[in-house]
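Visitor: Take 19 as the starting number for the sequence shown in the working numbering and just add one per residue. Got a structure for you, questions after.
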Amino acid sequence: MSYEQVSLGAYPLASGVLQANPLPAGFIRYWEVGEHRELMQQLESFLDSVLETDQVPFHIRHQYGREQAVRNPIGVSGYRSLSGFLPLCGRWMDLYWPGYTYSADLQLFFDCFLQHPFARVFGYGAQAGAFDQATAANLYNNFVASLRTEAVRRGVRKTLADARANVRDQASSIGRYLGGLTSQHRSLVPVRVDFYYQQDAFDGSDAMLRGGWAVTNEGIWMPVPSCLPMNLGRPETRGRIDTAVAMAHRDSFFSNRRGADKHLFERMLGHVCKLEQGGRSGANHFHCVFLIDARGLNEGGISMLKYGLSDRWRRVTRGQGLMFDCCA
Numbered sequence: 019m020s021y022e023q024v025s026l027g028a029y030p031l032a033s034g035v036l037q038a039n040p041l042p043a044g045f046i047r048y049w050e051v052g053e054h055r056e057l058m059q060q061l062e063s064f065l066d067s068v069l070e071t072d073q074v075p076f077h078i079r080h081q082y083g084r085e086q087a088v089r090n091p092i093g094v095s096g097y098r099s100l101s102g103f104l105p106l107c108g109r110w111m112d113l114y115w116p117g118y119t120y121s122a123d124l125q126l127f128f129d130c131f132l133q134h135p136f137a138r139v140f141g142y143g144a145q146a147g148a149f150d151q152a153t154a155a156n157l158y159n160n161f162v163a164s165l166r167t168e169a170v171r172r173g174v175r176k177t178l179a180d181a182r183a184n185v186r187d188q189a190s191s192i193g194r195y196l197g198g199l200t201s202q203h204r205s206l207v208p209v210r211v212d213f214y215y216q217q218d219a220f221d222g223s224d225a226m227l228r229g230g231w232a233v234t235n236e237g238i239w240m241p242v243p244s245c246l247p248m249n250l251g252r253p254e255t256r257g258r259i260d261t262a263v264a265m266a267h268r269d270s271f272f273s274n275r276r277g278a279d280k281h282l283f284e285r286m287l288g289h290v291c292k293l294e295q296g297g298r299s300g301a302n303h304f305h306c307v308f309l310i311d312a313r314g315l316n317e318g319g320i321s322m323l324k325y326g327l328s329d330r331w332r333r334v335t336r337g338q339g340l341m342f343d344c345c346a
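Structure (structure tokens):
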């Protein structure tokens, strides 16, 4: 279903609000394969339309003594209509995890949603109920306007531009680092690999619990277990979506280089390891370059080194890690 095809109607309670849970006792809901990426793409598309256009989602008409909400046309080529995103806003709060840092635009959404009356459309403690079309549309229009006002106050555009510039600075710094090493050591051989994860978690310890948010009648937001039923029953490997876990795996890989795997690092004169979220699945993965002193090392030795790196990554990720040889 495309965003433009989502019907506008009355909006009931969303996932995670304080209500009787119809799911079986002991039910545990994990993030399933692809769910996190889909929600993140929806939210990013919404914020793109909010920050880059002046769309007003709904026109509110007064007719026969009552209000009616009418979708406004998109009006801006290349951007989605904001009206179709309304039913999705409550679900995006599942992406908000306490203790994590977010980009300026994502943080803008989370902060504003938690403070705006529009959130009540998706549930407000024990007093939650359905909202009629016009009321929900009015609140949504105001929420979008509030996002734009707050974005200007916070300087969100500049913060995002600075972040993009920092990525370019990192690329220049990496280039200087690699150039300096190769100029000092003529026998260096770059070993390029990608570290990533299997898609499906083996069990609950390798998956990530999916939660939501609820607000009490006193107006206090609190994390709660997700009430969503399972989709396909395929929990996604946590390292693919949880950057903190992925970075912990990276740190474990490069720690204790004098242990059982010291032979992997004896010839290593430098390395670059860069986390990225991208590709078709938008999953966490690492692009790595290991700079090896190749004196006295033949092709067989380099192949054994690559096998050892792959095995070490597999072990530090409890069997979930995979390696792609970029030079194979």
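Glycine included, C-beta positions come from ideal geometry on N, C-alpha and C. The model shown is predicted, which means the values in this text are computed figures rather than measured ones.
By the DSSP assignment, the beta strand (DSSP E) with H77 in it spans what residues?
Guide: Start and end: 76-81.
Visitor: When you compare each of E254, V290, G296, S299 to I310 by their alpha carbons, which one comes out closest?
Guide: If we check each option's Cα against that of I310, V290 comes out closest.
Visitor: How big is the Cα-Cα spacing for T261 and N302?
Guide: Using only the alpha carbons, I get a separation of about 7 Å.
Visitor: Which same chain residues end up closer than 6 Å to T200 when comparing Cβ atoms and leaving out the 5 residues on each side of it in sequence?
Guide: For T200, where only same-chain residues beyond five positions count, the Cβ hits under 6 Å are L206.
Visitor: Is G156 near A232, with beta carbons less than 9 Å apart?
Guide: Contrary to the premise, residue 156 reads as Asn rather than Gly in this sequence. Cβ atoms of N156 and A232: not closer than 9 Å.
Visitor: What whole-angstrom Cβ distance do G136 and F103 have, given they're in contact under 8 Å?
Guide: A small fix is needed here, since residue 136 is Phe in this sequence, not Gly. Not quite, the Cβ-Cβ distance comes to about 12 Å (not below 8 Å), so this is no contact.
Visitor: Give a yes or no on contact between the stretch 233-248 and the stretch 325-337, applying the rule of three or more CB pairs nearer than 8 Å.
Guide: The stretch 233-248 is not in contact with the stretch 325-337.
Visitor: With 16 as the cutoff for other CB atoms within 10 Å, does L61 come out buried or exposed?
Guide: When all chains shown are included, L61 counts as buried.
Visitor: Inspect the beta-carbon positions of Y48 and L227 and report whether they are closer than 9 Å.
Guide: For Y48 and L227, yes; Cβs fall inside 9 Å.
Visitor: Mark S191 as exposed unless 16 or more other C-beta atoms lie within 10 angstroms of its C-beta, in which case mark it buried.
Guide: The residue is exposed, with fewer than 16 neighbouring Cβ atoms inside 10 Å.
Visitor: State the CB to CB distance for the pair Q216 and V51, rounded to an integer number of angstroms; the pair is presumed to be in contact (CB under 8 Å).
Guide: Actually they do not touch by this definition, with Cβ atoms about 10 Å apart.
Visitor: Under a Cβ-count criterion, where at least 16 other Cβ atoms within 10 Å of its own Cβ denotes burial, should V139 be classed as buried or exposed?
Guide: By the 10 Å Cβ count, V139 comes out buried.
Visitor: With burial defined as no fewer than 16 other Cβ atoms inside 10 Å of the residue's Cβ, what is the status of Q145: buried or exposed?
Guide: Only weak support is given to the placement of Q145: the predicted model assigns it a pLDDT of 40, under 50, and the value that follows is read from those uncertain coordinates. By the 10 Å Cβ count, Q145 comes out exposed.
Visitor: Can you tell me which residues form a DSSP beta bridge with L309?
Guide: In the DSSP output, where bridge partners are listed per residue, L309 has P208, G288.
Visitor: Where does P105 fall in DSSP's three states?
Guide: In the structure shown, P105 sits in a helix (DSSP, three-state: H, G or I).
Visitor: What's the gap between the Cα of F308 and the Cα of G326?
Guide: The alpha-carbon atoms of F308 and G326 are separated by roughly 13 Å.
Visitor: Quick check on D123: buried or exposed, where buried means 16 or more other Cβ atoms within 10 Å of its Cβ?
Guide: Its Cβ being crowded by 16 or more others within 10 Å, D123 is buried.
Visitor: I want to know whether the stretch 91-102 touches the stretch 112-123 - three or more CB-CB distances under 8 Å.
Guide: Too few Cβ pairs lie closer than 8 Å, so no.
Visitor: Do you know how far the Cα of R252 is from the Cα of A219?
Guide: In a straight line, the C-alpha of A219 is about 8 Å away from that of R252.
Visitor: What is the rounded straight-line gap between the Cα of G277 and the Cα of S270?
Guide: If you take the alpha carbons of G277 and S270, they lie about 12 Å apart.
Visitor: Is it true that the CB of F342 sits closer than 9 Å to the CB of V18?
Guide: Coverage of the chain is limited to positions 19 through 346, which leaves residue 18 absent and any answer about it impossible.
Visitor: Among A181, F127, S95, which residue has its Cα nearest to the Cα of C107?
Guide: For the residues A181, F127, S95, the minimum Cα distance to C107 belongs to F127.
Visitor: Could you tell me the distance, in whole angstroms, from the CA atom of F348 to the CA atom of T177?
Guide: The structure shown does not extend to residue 348, since the chain spans only 19 to 346, so no value can be given for it.
Visitor: Where do the N-terminal and C-terminal ends of the beta strand (DSSP E) with V139 fall, by residue?
Guide: Unbroken run through V139: none, as it is neither H nor E.
Visitor: In this structure, does DSSP put F161 in helix, strand or coil?
Guide: Three-state result, F161: helix.
Visitor: Assign C344 to one of two classes, buried (16 or more other C-beta atoms within 10 Å of its C-beta) or exposed (fewer than that).
Guide: It counts as exposed.
Visitor: Taking DSSP as the reference, what is the three-state secondary structure of E56?
Guide: Helix.
Visitor: Three-state secondary structure (DSSP) at P135?
Guide: Here P135 sits in helix by DSSP.
Visitor: My output table needs one value for Q73: the three-state DSSP class, helix, strand or coil.
Guide: If DSSP states are grouped into helix, strand and coil, Q73 belongs with coil.
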